[in-house]
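There are 4 protein chains.
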Amino acid sequence: MVSNNTSVVALLHGPDRPGLVARVAGWIFERGGNIVHADQHSDADAGIFFQRIEWLPSANGAAADEADFAAYARTLGMAVRVAASTRRPRLVVFVSKFDHCFHDLVLRWKAGELAGDLVAIVSNHPDLGAAARGYGLPFHVIPVAAATKPADEARQLELLRELGAELVVLARYMQVLSADFLEKFGRPVINIHHSFLPAFAGGKPYHQAAARGVKLIGATAHYATRDLDEGPIIQQDVARVTHRHSVDDLVRKGRDLEKTVLAQAVRWHLENRVLVYGNKTVVFD
Amino acid sequence: MVSNNTSVVALLHGPDRPGLVARVAGWIFERGGNIVHADQHSDADAGIFFQRIEWLPSANGAAADEADFAAYARTLGMAVRVAASTRRPRLVVFVSKFDHCFHDLVLRWKAGELAGDLVAIVSNHPDLGAAARGYGLPFHVIPVAAATKPADEARQLELLRELGAELVVLARYMQVLSADFLEKFGRPVINIHHSFLPAFAGGKPYHQAAARGVKLIGATAHYATRDLDEGPIIQQDVARVTHRHSVDDLVRKGRDLEKTVLAQAVRWHLENRVLVYGNKTVVFD
Amino acid sequence: MVSNNTSVVALLHGPDRPGLVARVAGWIFERGGNIVHADQHSDADAGIFFQRIEWLPSANGAAADEADFAAYARTLGMAVRVAASTRRPRLVVFVSKFDHCFHDLVLRWKAGELAGDLVAIVSNHPDLGAAARGYGLPFHVIPVAAATKPADEARQLELLRELGAELVVLARYMQVLSADFLEKFGRPVINIHHSFLPAFAGGKPYHQAAARGVKLIGATAHYATRDLDEGPIIQQDVARVTHRHSVDDLVRKGRDLEKTVLAQAVRWHLENRVLVYGNKTVVFD
Amino acid sequence: MVSNNTSVVALLHGPDRPGLVARVAGWIFERGGNIVHADQHSDADAGIFFQRIEWLPSANGAAADEADFAAYARTLGMAVRVAASTRRPRLVVFVSKFDHCFHDLVLRWKAGELAGDLVAIVSNHPDLGAAARGYGLPFHVIPVAAATKPADEARQLELLRELGAELVVLARYMQVLSADFLEKFGRPVINIHHSFLPAFAGGKPYHQAAARGVKLIGATAHYATRDLDEGPIIQQDVARVTHRHSVDDLVRKGRDLEKTVLAQAVRWHLENRVLVYGNKTVVFD
Numbered sequence: 000m001v002s003n004n005t006s007v008v009a010l011l012h013g014p015d016r017p018g019l020v021a022r023v024a025g026w027i028f029e030r031g032g033n034i035v036h037a038d039q040h041s042d043a044d045a046g047i048f049f050q051r052i053e054w055l056p057s058a059n060g061a062a063a064d065e066a067d068f069a070a071y072a073r074t075l076g077m078a079v080r081v082a083a084s085t086r087r088p089r090l091v092v093f094v095s096k097f098d099h100c101f102h103d104l105v106l107r108w109k110a111g112e113l114a115g116d117l118v119a120i121v122s123n124h125p126d127l128g129a130a131a132r133g134y135g136l137p138f139h140v141i142p143v144a145a146a147t148k149p150a151d152e153a154r155q156l157e158l159l160r161e162l163g164a165e166l167v168v169l170a171r172y173m174q175v176l177s178a179d180f181l182e183k184f185g186r187p188v189i190n191i192h193h194s195f196l197p198a199f200a201g202g203k204p205y206h207q208a209a210a211r212g213v214k215l216i217g218a219t220a221h222y223a224t225r226d227l228d229e230g231p232i233i234q235q236d237v238a239r240v241t242h243r244h245s246v247d248d249l250v251r252k253g254r255d256l257e258k259t260v261l262a263q264a265v266r267w268h269l270e271n272r273v274l275v276y277g278n279k280t281v282v283f284d
Numbered sequence: 000m001v002s003n004n005t006s007v008v009a010l011l012h013g014p015d016r017p018g019l020v021a022r023v024a025g026w027i028f029e030r031g032g033n034i035v036h037a038d039q040h041s042d043a044d045a046g047i048f049f050q051r052i053e054w055l056p057s058a059n060g061a062a063a064d065e066a067d068f069a070a071y072a073r074t075l076g077m078a079v080r081v082a083a084s085t086r087r088p089r090l091v092v093f094v095s096k097f098d099h100c101f102h103d104l105v106l107r108w109k110a111g112e113l114a115g116d117l118v119a120i121v122s123n124h125p126d127l128g129a130a131a132r133g134y135g136l137p138f139h140v141i142p143v144a145a146a147t148k149p150a151d152e153a154r155q156l157e158l159l160r161e162l163g164a165e166l167v168v169l170a171r172y173m174q175v176l177s178a179d180f181l182e183k184f185g186r187p188v189i190n191i192h193h194s195f196l197p198a199f200a201g202g203k204p205y206h207q208a209a210a211r212g213v214k215l216i217g218a219t220a221h222y223a224t225r226d227l228d229e230g231p232i233i234q235q236d237v238a239r240v241t242h243r244h245s246v247d248d249l250v251r252k253g254r255d256l257e258k259t260v261l262a263q264a265v266r267w268h269l270e271n272r273v274l275v276y277g278n279k280t281v282v283f284d
Numbered sequence: 000m001v002s003n004n005t006s007v008v009a010l011l012h013g014p015d016r017p018g019l020v021a022r023v024a025g026w027i028f029e030r031g032g033n034i035v036h037a038d039q040h041s042d043a044d045a046g047i048f049f050q051r052i053e054w055l056p057s058a059n060g061a062a063a064d065e066a067d068f069a070a071y072a073r074t075l076g077m078a079v080r081v082a083a084s085t086r087r088p089r090l091v092v093f094v095s096k097f098d099h100c101f102h103d104l105v106l107r108w109k110a111g112e113l114a115g116d117l118v119a120i121v122s123n124h125p126d127l128g129a130a131a132r133g134y135g136l137p138f139h140v141i142p143v144a145a146a147t148k149p150a151d152e153a154r155q156l157e158l159l160r161e162l163g164a165e166l167v168v169l170a171r172y173m174q175v176l177s178a179d180f181l182e183k184f185g186r187p188v189i190n191i192h193h194s195f196l197p198a199f200a201g202g203k204p205y206h207q208a209a210a211r212g213v214k215l216i217g218a219t220a221h222y223a224t225r226d227l228d229e230g231p232i233i234q235q236d237v238a239r240v241t242h243r244h245s246v247d248d249l250v251r252k253g254r255d256l257e258k259t260v261l262a263q264a265v266r267w268h269l270e271n272r273v274l275v276y277g278n279k280t281v282v283f284d
Numbered sequence: 000m001v002s003n004n005t006s007v008v009a010l011l012h013g014p015d016r017p018g019l020v021a022r023v024a025g026w027i028f029e030r031g032g033n034i035v036h037a038d039q040h041s042d043a044d045a046g047i048f049f050q051r052i053e054w055l056p057s058a059n060g061a062a063a064d065e066a067d068f069a070a071y072a073r074t075l076g077m078a079v080r081v082a083a084s085t086r087r088p089r090l091v092v093f094v095s096k097f098d099h100c101f102h103d104l105v106l107r108w109k110a111g112e113l114a115g116d117l118v119a120i121v122s123n124h125p126d127l128g129a130a131a132r133g134y135g136l137p138f139h140v141i142p143v144a145a146a147t148k149p150a151d152e153a154r155q156l157e158l159l160r161e162l163g164a165e166l167v168v169l170a171r172y173m174q175v176l177s178a179d180f181l182e183k184f185g186r187p188v189i190n191i192h193h194s195f196l197p198a199f200a201g202g203k204p205y206h207q208a209a210a211r212g213v214k215l216i217g218a219t220a221h222y223a224t225r226d227l228d229e230g231p232i233i234q235q236d237v238a239r240v241t242h243r244h245s246v247d248d249l250v251r252k253g254r255d256l257e258k259t260v261l262a263q264a265v266r267w268h269l270e271n272r273v274l275v276y277g278n279k280t281v282v283f284d
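Residue numbers (numbering that gives the first Met the number 0), protein chains in the order written: chain A, 0 to 284; chain B, 0 to 284; chain C, 0 to 284; chain D, 0 to 284.
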């Protein structure tokens with residue numbers, strides 16, 4: 000149960016059928032709740048209903064019972080996530096040596112743009128330690144090597160458990176997380192890929208882009224899955240380039256794309272605006 | 000009442016209060032209707048609730064009665080417009096000599112992009128007559144001169160009445176419609192202004208833009224009101240320009256902006272996606 | 000030789016070395032020509048110099064001799080194309096049934112945006128015949144079938160020879176031109192692909208995009224080569240899409256991208272702004 | 000004179016006449032220099048020639064003499080600025096309490112994106128002192144009050160002289176610099192205005208934008224002049240907003256615009272890519 004001046008956000012999806020909007024709204028209204036936002040979408044081809052609904056519970060809190068609402072939504076055949084809007088997920092950022100997404104996320108978090116608690120920075124290199132500590136953030140170095148990767152990932156998982164991590168953000172972290180890691184962590188991991196996926200998956204995408212002679216470069220934030228660069232896309236953006244731009248220029252311009260695209264994906268995720276189904280996302284922005 | 004495989008769209012707005020989503024959805028559900036889209040917004044500062052809701056009526060059509068729904072919405076304090084999605088407003092396009100928005104609108108209409116019936120072209124010049132007739136469209140020339148403007152506008156109004164016009168689109172029509180005309184017509188008029196309003200209101204905006212040395216030029220589609228270039232904005236877009244672009248280049252690039260911005264505004268209006276309140280719009284896209 | 004109030008445009012490229020800008024400008028200046036635009040680029044990695052230079056010849060026309068200039072440029076080791084700015088290449092547009100790029104190109108040509116002569120429309124279907132003839136354009140139907148493709152292409156080539164075609168534009172022409180056709184034609188062919196290449200090469204790219212759940216769709220204008228969808232890219236652009244957009248919406252939004260991207264590529268080509276080297280382009284815009 | 004592996008950049012403008020490109024390139028070539036970039040533009044209406052030219056001097060440095068080149072350019076009637084590409088102007092950033100542009104500029108400078116030396120932060124408030132010192136940057140507080148403004152500005156000018164400031168960047172500095180200050184400083188001052196100028200000049204532009212109901216918000220970087228918000232525009236950009244965005248959302252989205260627009264303007268200025276003439280700029284990007 001949440002305090003009276005806190006809203007509740009629910010994300011629902013399941014088989015579409017008549018009356019879903021009315022039933023959900025009715026449940027809230029009957030308990031004295033006041034809906035402040037509601038956004039729904041039906042995928043006519045797939046026959047799936049999606050909804051993000053946010054409401055202010057009544058003074059007596061009857062409509063604020065997250066577990067009750069979730070139970071009701073399940074009687075409608077819906078998969079559901081419910082959270083108080085004040086519930087701030089614990090966020091851990093993984094970095095390597097590139098620092099632009101790291102600084103950007105930390106500064107946005109300090110500016111109050113991210114509805115979560117940034118609890119630690121984890122890296123396979125010591126380079127960004129001083130900067131992290133300068134921000135007052137715990138910094139953990141866990142080196143990763145091909146030969147010792149299973150043990151290294153076990154240490155990462157142990158750390159995430161200790162930290163109570165509910166979201167991992169890969170801010171240009173230069174190691175691939177194994178399928179085993181993702182399964183054992185069991186929580187969302189958001190990655191930034193420095194190309195407009197599915198173009199230029201894999202390594203050195205700016206070099207690939209320069210070699211192909213594209214006129215736009217891009218960046219893609221997506222949930223990490225066992226299939227590298229194939230996870231559900233949350234946000235993408237592009238910037239125009241010309242023959243005057245060297246690979247170094249693409250890298251520089253790309254940094255701006257990577258920062259804003261990753262930050263927007265993380266912000267949306269933390270505000271419970273992203274629903275994953277199949278290999279796609281519905282973003283209620 | 001509409002046939003069973005036709006959806007109904009309602010646009011509502013009025014003072015916000017608890018239960019509006021639930022009541023509206025409940026009214027539809029109780030009559031066997033199935034909501035296929037619903038989008039609502041609350042302007043917290045102004046305390047106004049906005050909703051666009053679209054539903055499939057039941058087999059017996061009970062939820063399809065537009066007048067009944069409108070009456071119910073009014074009991075909730077809402078201003079309301081309701082229409083069957085198959086209801087195609089009668090659209091009249093005003094032109095002068097520029098033909099790019101004219102061709103663009105007609106071709107989009109022929110391609111099925113516009114949910115209305117384009118019934119005639121009206122112009123103060125004969126120039127586009129052959130092109131209009133080539134498209135099979137009636138073309139009416141009503142010259143307008145400063146000295147005879149009241150009489151000229153009276154002829155335009157008479158024609159619009161005969162045509163049953165429900166929307167007028169000013170496709171680079173080079174005359175200002177008087178406040179008197181707008182009041183007597185009493186239906187929406189959409190205009191395209193060739194700048195990013197409120198920058199460069201008034202005449203020759205591309206020349207103004209070149210003189211000011213801006214790095215982006217724009218176009219703005221808005222409802223015409225008695226205050227020139229001050230009406231509620233429906234859509235805007237911009238394009239990048241550099242010192243290499245002459246005024247002629249701005250005009251050429253601007254044509255592309257004007258076409259797409261005007262077409263999108265008209266499309267949204269015809270799909271009942273635009274709600275006007277005060278001097279602003281809510282666009283449910 | 001060109002008349003005195005006509006500018007000359009040269010496109011050069013070759014191994015970079017000191018003095019190229021000075022020598023080229025000096026050659027023109029010594030003959031009384033006045034450079035009105037000059038744009039050069041050096042690809043430092045590849046060691047290649049690129050230049051687009053435009054000048055007004057002197058009253059006696061000495062600097063207007065295109066063959067003389069080309070000969071001089073070759074002594075500098077440059078590959079070169081020279082043309083009077085009034086020289087309008089003969090342009091043939093290939094279409095199938097989609098008409099949006101067709102109308103767009105024709106209307107831009109009529110508006111004076113394209114520095115070439117649109118001499119005919121060629122199609123494998125009769126559908127757009129009436130529209131082409133309505134524009135006063137010759138329309139040639141040459142059906143193409145898998146079994147008879149070599150013969151069909153031979154007829155196309157024969158027609159292009161008769162028409163004196165110097166550029167073919169594939170305006171959503173739904174047949175692949177064979178490597179043999181491209182070689183025998185020996186002139187540039189510009190194609191519009193309805194995706195952000197290299198993403199979604201091949202068929203039904205909007206369906207591919209919807210299946211992958213991308214947040215931006217794109218269009219790519221490129222020179223056709225024997226490797227399908229692999230030719231040098233001239234221009235690309237993207238538009239934002241969300242989960243609310245069905246494949247039909249992607250197709251509709253994509254039409255606008257296809258039109259503007261293809262038209263811009265054709266315009267640049269006709270103004271001698273595009274240099275191809277390897278599998279890339281330099282666009283002097 | 001510069002070392003042999005340093006390029007020289009010159010910005011020229013003056014009355015257009017035949018032979019300028021050839022003469023400038025010839026001067027460099029005769030002294031053994033190798034032009035690596037050259038970009039010129041003629042404003043046909045104003046009859047003005049603009050050029051940015053960059054060259055590698057010869058081994059003996061003859062073409063590297065900046066003063067000699069400047070003298071030669073002046074014999075051609077050109078106003079000219081010449082600088083070795085390694086010449087790093089001394090940059091001072093003015094801030095108040097907003098920190099987003101401050102962090103952004105400092106981090107880009109540390110990442111090597113800015114071709115100048117950031118020598119100090121000046122503020123009318125102490126708030127950002129700890130952050131500045133955390134970056135290892137001198138931080139000077141000079142309070143400014145209406146009653147004491149002439150004296151306050153005198154202190155600022157004295158400090159800028161001591162610092163050898165060659166460029167001042169107003170990174171959301173919330174005081175207007177007087178015409179007297181600008182004249183006495185005599186060096187460029189770049190400001191970021193949080194709107195798409197000339198729309199919403201003056202105070203609280205995001206509130207103005209929300210009140211007008213625009214569909215895009217913008218930011219504008221310009222040289223500060225005695226006419227507030229009227230100086231030559233260097234760069235502008237916009238972002239899309241909808242009715243769902245509150246003023247707070249506009250402010251948040253605007254921060255991203257302000258950061259990138261200001262940083263790009265500063266980067267271009269420091270790379271000698273910006274030429275001012277009248278109230279406009281030519282940006283050789």
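Backbone N, C-alpha and C fix where the C-beta goes; we use that ideal spot for every residue, glycine too. All values reported here derive from a predicted model rather than from experimental measurement.
task = Quick one: grab the DSSP three-state call for GLN235/A.
result = Taking the first sequence and counting its residues from 1, one reaches residue 235/A at position 236. Note: GLN235/A maps to strand in three-state DSSP.
C-beta contact flag for VAL20/B and VAL20/A at 9 Å = Numbered from its first residue, the second sequence carries residue 20/B at position 21. Numbered from its first residue, the first sequence carries residue 20/A at position 21. Yes, the Cβ-Cβ distance between VAL20/B and VAL20/A is below 9 Å.
key: Rounded distance between the beta-carbons of VAL105/A and LEU127/A, thought under 8 Å   = Counting from 1 along the first sequence, the entry for residue 127/A is found at position 128. Counting from 1 along the first sequence, the entry for residue 105/A is found at position 106. Incorrect: roughly 10 Å between the Cβ atoms, too far for contact.
ask   = Are any of the Cβ atoms in chain C nearer than 9 Å to that of GLU112/B?
value = Within the second sequence, the letter at position 113 stands for residue 112/B. GLU112/B counts as touching chain C.
query = Taking Cβ to Cβ, would you say LEU249/D is nearer than 9 Å to ALA209/D?
reply = Within the fourth sequence, residue 249/D is the residue found at index 250, counting from 1. Within the fourth sequence, residue 209/D is the residue found at index 210, counting from 1. Yes. Within cutoff.
ask   = If you count every other CB in all the chains shown that lies within 10 Å of the CB of GLY201/B, and 16 or more means buried, which is it?
value = Here residue 201/B refers to the residue found at position 202 of the second sequence. GLY201/B is exposed by the Cβ-count criterion.
key: Cβ-Cβ separation, LEU90/D to VAL118/D (assumed contact under 8 Å), whole Å   = Along the fourth sequence, one-based indexing puts residue 118/D at 119. Along the fourth sequence, one-based indexing puts residue 90/D at 91. Yes, they are in contact, since the Cβ atoms of VAL118/D and LEU90/D sit about 7 Å apart, within 8 Å.
request  = Residues of the stretch 245–279 of chain A with a CB closer than 7 Å to any CB of chain D: list them in chain order, please.
outcome  = ARG251, ASP255 and THR259
message = Between the stretch 3–16 of chain B and the stretch 68–87 of chain B, can you find at least three pairs of beta-carbon atoms closer than 8 Å?
response = yes
Near-chain B residues of the stretch 173–200 of chain D (beta-carbon distance less than 7 Å), N- to C-terminal order = PHE195, PRO197 and ALA198
inquiry  = Just to confirm my understanding: we take VAL140/B, look at its own chain, exclude 5 residues before and 5 after, and list those with CB closer than 6 Å. What are they?
reply    = Taking the first residue of the second sequence as position 1, residue 140/B is located at position 141. Cβ neighbours of VAL140/B beyond the five flanking positions: SER122 and PRO125.
ask   = Nearest to ALA43/D by alpha carbon, out of VAL35/C, ILE47/C, GLN39/C and SER41/C?
value = Your numbering for residue 43/D matches position 44 in the fourth sequence. Selected option, being the one with the closest Cα: VAL35/C.
query = Within this structure, are the beta carbons of LYS252/B and GLN235/D separated by less than 9 Å?
reply = Counting from one through the second sequence, the residue named residue 252/B turns up at place 253. Counting from one through the fourth sequence, the residue named residue 235/D turns up at place 236. No, the pair does not count as a contact, with Cβ atoms beyond the cut-off.
query = Which of the residues in the stretch 5–25 of chain B, read from start to end, lie with their CB under 7 Å from any CB of chain A?
reply = PRO17, GLY18, VAL20, ALA21, ALA24 and GLY25
task = Please report how far the alpha carbon of HIS266/D lies from the alpha carbon of LEU113/D, in whole angstroms.
result = Within the fourth sequence, residue 266/D is the residue found at index 267, counting from 1. Within the fourth sequence, residue 113/D is the residue found at index 114, counting from 1. Residue 266/D is actually Arg in this sequence, not His. In a straight line, the C-alpha of ARG266/D is about 5 Å away from that of LEU113/D.
key: Inter-residue Cα distance where the pair is ALA164/B and ARG87/B   = Taking the second sequence and counting its residues from 1, the one referred to as residue 164/B is at position 165. Taking the second sequence and counting its residues from 1, the one referred to as residue 87/B is at position 88. Approximately 11 Å between the Cα atoms of the pair.
key: Beta-carbon proximity check, VAL94/B vs ARG171/B, cutoff 9 Å   = In the second sequence, counting from the first residue as 1, residue 94/B sits at position 95. In the second sequence, counting from the first residue as 1, residue 171/B sits at position 172. Against a cut-off of 9 Å, the Cβ pair of ARG171/B and VAL94/B comes out as a contact.
Within 9 Å, strictly: CB atoms of HIS242/A and PHE49/C = What you label residue 242/A is simply residue 243 of the first sequence in a count that begins at 1. What you label residue 49/C is simply residue 50 of the third sequence in a count that begins at 1. Result yes, Cβ atoms of HIS242/A and PHE49/C sit closer than 9 Å.
Which of helix, strand or coil DSSP assigns to ASP15/B = One-based indexing of the second sequence puts residue 15/B at position 16. Note: ASP15/B maps to coil in three-state DSSP.
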